[in-house]
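The structure under discussion appears below in the form of C-alpha cells.
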Amino acid sequence: MKAYPKGAVGEAQSHSHHFGPLGDYRARGQRSFGPQRDYLRLLRVPRRHVQAQVPGSGSPGIGDQSEGIAVEIGLRVRARRQETRLDHGAWVPLMLIYPEADIPVCQLSVQTHKDAAHHYRLGKALASLKDDGVLIIGSGAATHNLRMINRQGGDSVAPWAYEFDNWIKEALLEGRYEDVNEYEEKAPYARVAHPRPDHFYPLHVAMGAAGENTRGEVVHHSWSHGTLSYASYRFTDKAE
Numbered sequence: 001m002k003a004y005p006k007g008a009v010g011e012a013q014s015h016s017h018h019f020g021p022l023g024d025y026r027a028r029g030q031r032s033f034g035p036q037r038d039y040l041r042l043l044r045v046p047r048r049h050v051q052a053q054v055p056g057s058g059s060p061g062i063g064d065q066s067e068g069i070a071v072e073i074g075l076r077v078r079a080r081r082q083e084t085r086l087d088h089g090a091w092v093p094l095m096l097i098y099p100e101a102d103i104p105v106c107q108l109s110v111q112t113h114k115d116a117a118h119h120y121r122l123g124k125a126l127a128s129l130k131d132d133g134v135l136i137i138g139s140g141a142a143t144h145n146l147r148m149i150n151r152q153g154g155d156s157v158a159p160w161a162y163e164f165d166n167w168i169k170e171a172l173l174e175g176r177y178e179d180v181n182e183y184e185e186k187a188p189y190a191r192v193a194h195p196r197p198d199h200f201y202p203l204h205v206a207m208g209a210a211g212e213n214t215r216g217e218v219v220h221h222s223w224s225h226g227t228l229s230y231a232s233y234r235f236t237d238k239a240e
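Using the UniProt record's numbering, read the sequence shown as starting at 1 and increasing by one per residue.
Next up, the structure:
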C-alpha cells in the first residue's frame with residue numbers, strides 16, 4: 001500500500017473489525033493516542049508482543065460529528081471513554097498508508113448484532129464527512145475463518161476461499177453493492193468465509209460512504225495460509 005499524497009486528506013476515520021461492541025455505537029476520537037501495543041495470538045504460535053509507535057493525534061471533532069450522525073439515523077451512542085490506544089485493526093493499515101503518522105485519527109465501531117445493510121446505510125450517512133477532507137477506511141478482511149487455515153503451508157488456495165473472494169471482487173468492480181449487502185444469501189460459501197461478520201462489515205461502511213455511482217478498484221491482493229485473502233480496495237467514480 002502506498003502512502004497517500006500529503007495534503008490530499010485532512011483526517012482519517014477508521015472502522016475497525018476489532019472494535020465492535022454488542023450494543024451501542026462507539027467512537028474513539030480523543031486528542032492523542034499513546035504508543036500502541038497489541039498482543040496477537042494467531043495461528044497457534046507463541047504469544048508475541050507487537051509494539052508500534054503511532055504518534056498521530058486523535059480527532060475529537062470527527063468523533064463528535066460521527067456520533068451526531070449516528071444519533072440522527074437512530075443509533076444509540078455509548079458515552080466515549082478516554083481510551084488511549086487504537087487496536088491493530090486501525091493502526092496496521094494506518095501505518096502502511098501514513099508511515100509518518102502525521103494525520104489525526106478517529107476510530108469507530110462496527111455493530112455485529114446488526115446486518116450488512118445497516119452498515120451500508122451508516123456509511124452513506126457518514127459520507128458527508130468526505131467534504132471536510134476525511135478519509136473513511138474500512139479495516140477488515142475479505143475472508144476470515146481461522147479454523148479453516150492451512151497450518152502446513154503451501155501456495156494452494158482453498159476452493160471455497162477463492163470462490164467467495166472472487167465473487168466479492170467481481171461485485172465490487174461492477175459496483176453491485178446491493179449484492180454485497182446480501183452476501184449471506186448470494187455469495188458462495190459466505191458462512192464459511194465469515195462465520196462471524198465483524199471482519200466483513202467495515203467493507204459495507206466504506207461502500208456506503210463511497211456512494212452509488214462508484215465502483216471498487218483492487219489496490220492489493222495476496223493470500224496467506226491458503227484461506228486468508230488480503231484483498232484491498234478503493235472506490236472511484238464510475239466515470240473515471
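Beta carbons: idealized from backbone N, C-alpha and C, even for Gly.
**OP:** List the residues that DSSP assigns as beta-bridge partners of histidine 220.
**Re:** Ser232
Subject >> Residues near alanine 187 in its chain [Cβ-Cβ closer than 7 Å; skip 5 each side] >> reply: Phe164, Trp167 and Ile168
**OP:** Quick one: grab the DSSP three-state call for serine 139.
**Re:** strand
Original post:
In this structure, what does DSSP give as the bridge partners for leucine 94?
Top reply: Its beta-bridge partners do not exist; DSSP assigns none.
Original post:
Cα-Cα, which of Ile97, Asp87 and Asp132 is closest to histidine 220?
Top reply: Ile97
**OP:** Determine, using beta carbons only, whether tyrosine 120 and asparagine 181 come nearer to each other than 9 Å.
**Re:** yes
Original post:
Got a sec: is the Cβ-Cβ distance from glycine 133 to anything in chain D below 9 Å?
Top reply: In the structure shown, chain D cannot be found, because there is only a single protein chain.
**OP:** Report the option in Asp179, Phe235 and Ser224 whose CA atom is closest to the CA atom of alanine 161.
**Re:** Ser224
**OP:** Would you mind working out which of Pro104, Tyr183, His199 and Leu228 sits nearest aspartate 132, comparing C-alpha positions?
**Re:** Pro104
Original post:
How close, in whole Å, do the beta carbons of histidine 144 and histidine 194 come, if the pair is a contact with beta carbons under 8 Å?
Top reply: 6 Å
Original post:
In angstroms, rounded to a whole number, what distance separates the CA positions of serine 229 and phenylalanine 200?
Top reply: 12 Å
Subject >> Bridge-paired residues (DSSP) for aspartate 237 >> reply: Thr214
Original post:
Grouping DSSP H, G and I as helix and E and B as strand, with all else coil, what is glutamine 152?
Top reply: coil
Subject >> Extent of the continuous alpha helix (DSSP H) run through leucine 146 >> reply: Per DSSP, leucine 146 belongs to no alpha helix (DSSP H) and is neither H nor E.
Subject >> C-beta contact flag for glycine 89 and glycine 140 at 9 Å >> reply: yes
Subject >> Straight-line Cα distance separating alanine 116 from glutamate 178 >> reply: 10 Å
Subject >> Span of the alpha helix (DSSP H) around leucine 126 >> reply: 116-126
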